[in-house]
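Asker: According to my numbering, the sequence shown holds residues 1172 to 1296 in order. For every residue, glycine included, the Cβ atom is placed at its ideal position computed from N, Cα and C.
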Amino acid sequence: YCYCYCYEGGVEKDPQGAFEGFVKAATDGHTQAMYHLGICYENGFGVTKDIKQAFKWYKSGALHGDCRAQTEVGYFYRYGMGVEKDDVKAVHWYIRAAEGGHAVAQYNLGLKFLNGQGVELSKVK
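1) Quick one: what does DSSP say Phe1216 is sitting in, helix, strand or coil?
2) Ordered along the chain, which non-local residues of its own chain (more than five positions away) have a Cβ less than 6 Å from that of Tyr1265?
3) Quick check on this structure: which residue in Ala1189, Tyr1229, Asp1237 and Arg1239 has the alpha carbon closest to the alpha carbon of Met1252?
4) In whole angstroms, give me the CA-to-CA distance for His1207 and Tyr1248.
5) With DSSP run on the structure shown, which of helix, strand or coil describes Lys1296?
6) With a Cβ-Cβ cutoff of 9 Å, do Pro1186 and Gly1217 count as a contact?
7) Does DSSP put Val1338 in a helix, a strand or coil?
8) Distance, Cα to Cα, Gly1287 vs Val1262?
9) With a CB to CB cut of under 6 Å and the five nearest residues on each side skipped, what residues in its chain are close to Val1259?
10) In the DSSP assignment, the alpha helix (DSSP H) including His1235 goes from what residue to what residue?
11) Within 10 angstroms of its Cβ, does Ser1231 collect 16 or more other Cβ (buried), or is it exposed?
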C-alpha cells in the first residue's frame, strides 16, 4: 500500500501518505518499512531530510536482518554520514549483508579487503 504512494502504483503519488504508512508499519515491527523509512529520511521523501533519523531507521532494519538496511548502515559508517566514520564498523555491516546475499555489500566488502580499510589487506578475499 505504501509503495503505491511512492511509485504511483495505480494511485496518485503521495509522499506524505507513504511516509505515514511506513511509520505505522515500522513501529509495528515491519522490517522492510524500517528500511524504507531510512530512505524517506535520507532523501526528504514525505518528511524533512534528516540523516541521523535515516541512520536510526536503517540500523533498526539492519538489526532485524534486512540486508539492504545492513548495507546502508555500512555505507553510513564508511562515509561518516550522521555517524563518526568507522571502517571497522562498515566492514562489520557489509559482512552481515554479504552473508545474506546482498550483491552491493559483497562488492563494497571486496573493496575494503582490496584496499585494507577496516580489515587486513587481502587480494584473495
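Answerer: To lay it out plainly:
1) As a position in the sequence shown, residue 1216 is number 45, starting the count at 1. In the structure shown, Phe1216 sits in coil (DSSP, three-state: anything other than H, G, I, E or B).
2) Residue numbering aside, residue 1265 sits at position 94 when the sequence shown is read from its first letter. Cβ within range, chain order: Gly1245, Ala1276, Asn1279 and Leu1280.
3) Stepping through the sequence shown from its first residue, residue 1252 is reached at position 81. It is Tyr1229 whose Cα lies nearest to the Cα of Met1252.
4) Working through the sequence shown from its first residue, we reach residue 1207 at position 36. Working through the sequence shown from its first residue, we reach residue 1248 at position 77. Going by the C-alpha atoms only, they are around 19 Å apart.
5) The residue you call residue 1296 lines up with position 125 of the sequence shown. Looking at Lys1296 - three-state DSSP - the assignment turns out to be coil, as it is neither helix nor strand.
6) Here residue 1186 refers to the residue found at position 15 when the sequence shown is read from its first residue. Here residue 1217 refers to the residue found at position 46 when the sequence shown is read from its first residue. Yes.
7) Nothing can be reported for residue 1338, as the shown portion of the chain is limited to 1172 through 1296.
8) The count along the sequence shown starts at 1 and reaches residue 1287 at position 116. The count along the sequence shown starts at 1 and reaches residue 1262 at position 91. About 11 Å.
9) Looking up residue 1259 in the sequence shown gives position 88. So the qualifying residues of the chain are Gly1289.
10) Along the sequence shown, read from residue 1 onward, the residue named residue 1235 stands at position 64. Segment: none, His1235 is in no alpha helix (DSSP H) and carries neither H nor E.
11) To locate residue 1231, count along the sequence shown from 1; it is residue 60. Classification of Ser1231: buried, given that the 10 Å Cβ count is 16 or more.
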